[in-house]
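Undergrad: The numbering of the sequence shown is numbering that gives the first Met the number 0, which starts it at 0 and goes up by one. Note that CB positions come from ideal geometry on N, CA and C, so glycine has one too.
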Amino acid sequence: MDPLFVALISFAFLGFASWCVGEGGEILGKKYDASIIGGLIIAWLNTAPEAIFFITALSSGNTRFAVGAVSGSSIVVCTVALGCCIWIGNRNRRSGFVQLQPPVKKQCLILLVSTLIPLLLSLVEYNVFFGTFGIIFYLIFIGYSLFHKLPEDEKKEDDIELGIDGADDEEEEEHDEPLSKGVAYLFVGGALICYCSKPFIDSIVSLASSWNINPILLAFFLAPIASEMPEILESVSLSRKGNSQSINIAFSNLIGGTITKTTLLMGIFCFFGYIKEFEWESPTYSISLLLLTVCAASAASIGYFVNKLNQYHGLSLFAIFIVTGLLQYYFNVSVDSPIPPEVAEAII
Numbered sequence: 000m001d002p003l004f005v006a007l008i009s010f011a012f013l014g015f016a017s018w019c020v021g022e023g024g025e026i027l028g029k030k031y032d033a034s035i036i037g038g039l040i041i042a043w044l045n046t047a048p049e050a051i052f053f054i055t056a057l058s059s060g061n062t063r064f065a066v067g068a069v070s071g072s073s074i075v076v077c078t079v080a081l082g083c084c085i086w087i088g089n090r091n092r093r094s095g096f097v098q099l100q101p102p103v104k105k106q107c108l109i110l111l112v113s114t115l116i117p118l119l120l121s122l123v124e125y126n127v128f129f130g131t132f133g134i135i136f137y138l139i140f141i142g143y144s145l146f147h148k149l150p151e152d153e154k155k156e157d158d159i160e161l162g163i164d165g166a167d168d169e170e171e172e173e174h175d176e177p178l179s180k181g182v183a184y185l186f187v188g189g190a191l192i193c194y195c196s197k198p199f200i201d202s203i204v205s206l207a208s209s210w211n212i213n214p215i216l217l218a219f220f221l222a223p224i225a226s227e228m229p230e231i232l233e234s235v236s237l238s239r240k241g242n243s244q245s246i247n248i249a250f251s252n253l254i255g256g257t258i259t260k261t262t263l264l265m266g267i268f269c270f271f272g273y274i275k276e277f278e279w280e281s282p283t284y285s286i287s288l289l290l291l292t293v294c295a296a297s298a299a300s301i302g303y304f305v306n307k308l309n310q311y312h313g314l315s316l317f318a319i320f321i322v323t324g325l326l327q328y329y330f331n332v333s334v335d336s337p338i339p340p341e342v343a344e345a346i347i
């Protein structure tokens, strides 16, 4: 069958599957605690499509696709999605700025520290020690998330005291969805992702080969659209409400999803590479992980060090994504075009 046709069909199904997972995760999140930082329900379930992509690609030996997918998805979430969260959220606030709650700021600090893992991997390649460290770091983050939740009323009280945001905090009345509906969404979405991931990956690799393009490039731009759309749409939906709690929850979920990628997925990547003895393609793998590190660190720094986030901080994240996309295109536009050694050394 024509690889382009397979890619388009599987891409459409994966996009729908990711939406199903996002909807199911949101329903379960409302049932069991949608305010948990790191999104033990929402953020993890929204990360599940990318995790399945990643593991499927590694299991089938398509390491280039895996690297492109995880770097692209991480970068899209911490630049485009977070940028939308900040920009749209502030446009719907009278004050023109939003302050992150202390638990969210701490989460940003955790992300900033976790960027050491992809940074070190870009330098030392596959390493069991750093793989183990990444998984342990993720488990510690999960434990931390269980005991540090977003206070529902804290930020509202602050805004009322400041007298700047009273009207912004009117929340839409929401009706509870049945639990069975959430489970059904998750089942359908999970089944479609498991079934369509390999055909999508194989078709993308085949197209990349026929077009003489590195699969990293196609995975970088295409995989996030299919797997991260729920997170982007959810962040936009929450941010449009304009109240601080919704923006903080959206910010928290996106940061939590990125931490999953910089820790757990990096650990899985190390173990697969070491056990299966995958070749480390230098400098393309290192550059992809380095770009991931820069974007995640930038988003974490803005969240942790900036006291009042405004629209310009969102625009700066958009700019970072554009520069990153151009760099990824430049270094991976052709699978046969070697990167000049002096350029590679200057970047790494």
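Report yes if the C-beta distance between Leu120 and Phe132 is below 8 Å; otherwise report no.
TA: No, Cβ-Cβ distance for Leu120 and Phe132 is not below 8 Å.
Undergrad: For Gly266, collect the residues of the same chain with a Cβ closer than 6 Å to its Cβ; drop the 5 residues on either side in sequence, then sort them by chain order.
TA: Closer than 6 Å at Cβ, skipping near neighbours: Gly130, Gly133, Ile134.
Undergrad: Which one of Ile254, Ser285, Thr262 has the shortest CA to CA distance from Ala298?
TA: Ile254
Undergrad: By the three-class DSSP mapping on this structure, what secondary structure does Val97 have?
TA: strand
Undergrad: Whole angstroms is fine: what's the gap from Asn91's alpha carbon to Leu237's?
TA: 11 Å
Undergrad: From Lys275 to Gln100, what distance separates their C-alpha atoms?
TA: 43 Å
Undergrad: Determine whether the beta carbon atoms of Tyr125 and Trp279 lie at a separation below 8 Å.
TA: yes
Undergrad: Judging by CA-CA distance, which residue of Ser73, Asn213, Trp86 is the nearest neighbour of Pro228?
TA: It should be noted that the sequence gives Met, not Pro, for residue 228. The candidate whose alpha carbon is nearest that of Met228 is Ser73.
Undergrad: Could you tell me the distance, in whole angstroms, from the CA atom of Gly256 to the CA atom of Val76?
TA: 8 Å
Undergrad: In chain order, what residues of the same chain lie with their CB nearer than 6 Å to the CB of Ser202, ignoring the 5 residues before and after it?
TA: Pro2, Val5, Ala6
Undergrad: Regarding Ala218 and the ligand ADP, is the C-beta to nearest heavy atom distance less than 7 Å?
TA: Ligands displayed in this structure: none; no statement on the ligand ADP is therefore possible.
Undergrad: Determine the DSSP secondary structure at Ala345, reduced to helix, strand or coil.
TA: Here Ala345 scores only 44 on pLDDT, less than 50, and its place in the model should not be relied on; the value that follows carries that caveat. Helix.
Undergrad: Between the segment 303–310 and the segment 57–69, do at least 3 Cβ pairs fall closer than 8 Å?
TA: no
Undergrad: Counting C-beta neighbours from all protein chains within 10 Å, is the total for Trp210 16 or more, i.e. buried, or is it exposed?
TA: exposed
Undergrad: Take the Cβ of Ala16 as the centre, count every other Cβ of all protein chains shown within 10 Å, and call the residue buried at 16 or more, exposed below.
TA: Counting the other Cβ atoms within 10 Å of the Cβ of Ala16 gives 16 or more, which makes it buried.
Undergrad: Verify whether the separation of the beta carbon atoms of Leu81 and Ile258 is less than 8 Å.
TA: no
Undergrad: Among Ile116, Ile301, Pro102, whose alpha-carbon lies nearest the alpha-carbon of Leu291?
TA: Ile116
Undergrad: Would you kindly work out how many angstroms separate the C-alpha atoms of Ala190 and Gly181, rounded to a whole number?
TA: 14 Å
Undergrad: Is Glu22 closer than 8 Å to Tyr184 when the C-beta atoms are compared?
TA: yes
Undergrad: From which residue to which residue does the alpha helix (DSSP H) around Thr323 run?
TA: 310–331
Undergrad: Please report how far the alpha carbon of Leu122 lies from the alpha carbon of Ile51, in whole angstroms.
TA: Taken atom to atom, the span from the alpha-carbon of Leu122 to that of Ile51 is near 26 Å.
Undergrad: Is the CB-CB distance between Glu230 and Asn252 below 8 Å?
TA: Cβ atoms of Glu230 and Asn252: closer than 8 Å.
Undergrad: Is Pro214 helix, strand or coil by DSSP?
TA: helix
Undergrad: Since I believe Ala218 is in contact with Gly95 (beta carbons under 8 Å), could you give me their beta-carbon distance rounded to a whole number of angstroms?
TA: Cβ atoms of Gly95 and Ala218 stay farther apart than 8 Å, at about 38 Å.
Undergrad: How should Ser245 be labelled, buried or exposed, when 16 other C-beta atoms within 10 angstroms of its C-beta is the threshold for buried?
TA: buried
Undergrad: Could you say which of Ser243, Cys195, Lys240 lies nearest to Phe225 if we only look at CA atoms?
TA: The question names Phe, but residue 225 in the sequence shown is Ala. Nearest C-alpha to Ala225: Cys195.
Undergrad: Only counting the same chain, and skipping five residues up and downstream in sequence, which positions put a Cβ closer than 6 Å to that of Lys197?
TA: Thr55
Undergrad: Which residue spans inside the segment 193–244 form an unbroken alpha helix (DSSP H) run of at least 4?
TA: 214–226, 228–239
Undergrad: How should Ile139 be labelled, buried or exposed, when 16 other C-beta atoms within 10 angstroms of its C-beta is the threshold for buried?
TA: Ile139 is classed as exposed because its beta carbon has fewer than 16 other beta carbons within 10 Å across all chains shown.
Undergrad: Nearest by alpha-carbon distance to Leu108: which of Ser300, Arg93, Tyr311 is it?
TA: It is Ser300.
Undergrad: Can you tell which of Ser9, Gln106, Tyr329, Val97 has its C-alpha closest to the C-alpha of Ala296?
TA: Gln106
Undergrad: Alpha carbon to alpha carbon, how far is Ile319 from Arg93? Give it in angstroms, no decimals.
TA: 27 Å
Undergrad: Whole angstroms is fine: what's the gap from Phe271's alpha carbon to Phe250's?
TA: 31 Å
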